[in-house]
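So the sequence shown is numbered by the numbering used here: it starts at 6 and just counts up by one.
Built from N, CA and C at the ideal position, the CB exists for glycine as well.
As the structure is a computational prediction, the values presented were derived from the model and not from experiment.
Everything on this sheet refers to the single structure shown next.
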Amino acid sequence: MSDWQPLDCHAHSTHSDGVLSPDDVIATAALRGVRGTVSDHASRDVRFSLKSPADIDAYAAAIAHLPYRSAEFCSHDSLWRDLTDAQLARFTHRIGSLHAVRMPDDSLVRMFQKTLPAGLTQRAYMAQHVALVEALADAMPIEIFAHPTLVPHELRAIPGEELWHEADEERLVEALRRNGICFEVSNRYRAHPRLVQRAVDHGVRLSLGSDGHQPEQVGNLTWSLELTRSLGVADSELYDPLVHGTRRD
Ligand SMILES: [Zn+2]
Ligand SMILES: [Zn+2]
6 MSDWQPLDCH
16 AHSTHSDGVL
26 SPDDVIATAA
36 LRGVRGTVSD
46 HASRDVRFSL
56 KSPADIDAYA
66 AAIAHLPYRS
76 AEFCSHDSLW
86 RDLTDAQLAR
96 FTHRIGSLHA
106 VRMPDDSLVR
116 MFQKTLPAGL
126 TQRAYMAQHV
136 ALVEALADAM
146 PIEIFAHPTL
156 VPHELRAIPG
166 EELWHEADEE
176 RLVEALRRNG
186 ICFEVSNRYR
196 AHPRLVQRAV
206 DHGVRLSLGS
216 DGHQPEQVGN
226 LTWSLELTRS
236 LGVADSELYD
246 PLVHGTRRD
């Protein structure tokens with residue numbers, strides 16, 4: 006397919022915490038030879054985001070002219086549960102994210118907090134993290150699991166192959182496979198190749214995502230595409246909802 010262009014399934018506009026208008030998200034991606042998507046945060050727990058079903062309606066109307074339209078829902082927030090089927094259907098694809106992990110004592114550990122709570126070990130955290138990835142995949146009406154290796158700041162310096170035990174990786178990948186959800190190869194939060202390879206080995210489809218908020222990030226898929234090609238994944242197999250369909254079809 007000589008006319009194939011990468012599809013950035015995940016980028017933000019001024020409808021949430023991005024700096025570009027929706028049209029400029031698409032134009033910026035196009036300058037990189039990339040087809041863009043507007044996929045703004047839809048969560049009561051993100052500061053600048055769509056926060057109600059009415060916000061979703063206004064947003065969907067504002068981006069209705071774009072070929073690829075999405076929203077990024079937080080698993081721990083209830084907004085996605087409050088949307089009607091018709092509202093969810095206004096997007097070409099839907100993205101789910103684990104932006105916070107609810108612990109057994111009901112407290113939240115957020116991906117963007119600096120340190121883990123006192124007394125919470127890395128292993129105890131990861132056990133809960135992986136369990137909630139499974140719950141997310143089994144419950145959310147999404148096509149893409151965003152940035153699958155995003156973890157709290159304190160754990161990001163640990164090499165992925167060390168932080169993620171192979172049994173954890175198996176559970177994550179299997180949860181995506183059984184639900185027909187794509188594994189996002191995020192340029193922003195870069196997964197270790199062993200995990201991406203495992204997703205491929207299990208027959209999980211990959212998607213490309215810049216998770217861009219700034220002009221220099223939107224549509225930048227260079228690292229992601231190098232990785233998928235190095236793993237032998239054909240460009241035409243990378244997720245495109247208009248080609249591969251959705252879970253709603
Ligand atoms: Zn996210
Ligand atoms: Zn995002």
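Classification of residue i by the beta-carbon crowding that lies within 10 angstroms, buried from 16 upward
i: glycine 38; result: exposed
i: arginine 40; result: buried
i: histidine 98; result: buried
i: serine 229; result: buried
i: aspartate 206; result: exposed
i: alanine 151; result: buried
i: glutamine 219; result: exposed
i: tryptophan 9; result: exposed
i: glutamine 118; result: exposed
i: valine 238; result: buried
i: glutamate 221; result: exposed
Residue i - partner residues in DSSP beta bridges
i: cysteine 79; result: Ser102
i: alanine 213; result: The sequence shown places leucine at residue 213, rather than the alanine named in the question. Answer is Val190.
i: arginine 4; result: Summary: the structure shown does not reach residue 4, with the chain confined to residues 6 through 254, and so no result is reported for it.
i: arginine 195; result: Answer is none; arginine 195 lacks a bridge partner.
i: leucine 55; result: Ala47
i: arginine 107; result: Leu113
DSSP-derived helix/strand/coil call for residue i
i: aspartate 254; result: coil
i: valine 24; result: coil
i: proline 205; result: In the sequence as displayed, the identity of residue 205 is valine instead of proline. Three-state DSSP puts valine 205 in a helix.
i: aspartate 45; result: strand
i: valine 248; result: helix
i: glutamine 149; result: Sequence check: residue 149 is isoleucine here, not glutamine. Strand at isoleucine 149.
i: arginine 74; result: strand
i: histidine 134; result: helix
Where the alpha helix (DSSP H) through residue i begins and ends
i: glutamate 171; result: 171-184
i: glutamate 166; result: 165-168
i: threonine 126; result: Taken as a continuous stretch (DSSP letters only), threonine 126 belongs to no alpha helix (DSSP H), as it is neither H nor E.
Chain-order list of residues whose beta-carbon lies under 7 Å from that of residue i (same chain, five-residue window excluded)
i: serine 26; result: Ser18, Thr19
i: threonine 120; result: Glu159
Endpoints, the beta strand (DSSP E) within which residue i is located
i: valine 114; result: 113-115
i: glutamate 189; result: 187-191
Neighbourhood of residue i by C-beta distance below 8 Å, restricted to the same chain and skipping five residues each side
i: threonine 227; result: Asn192
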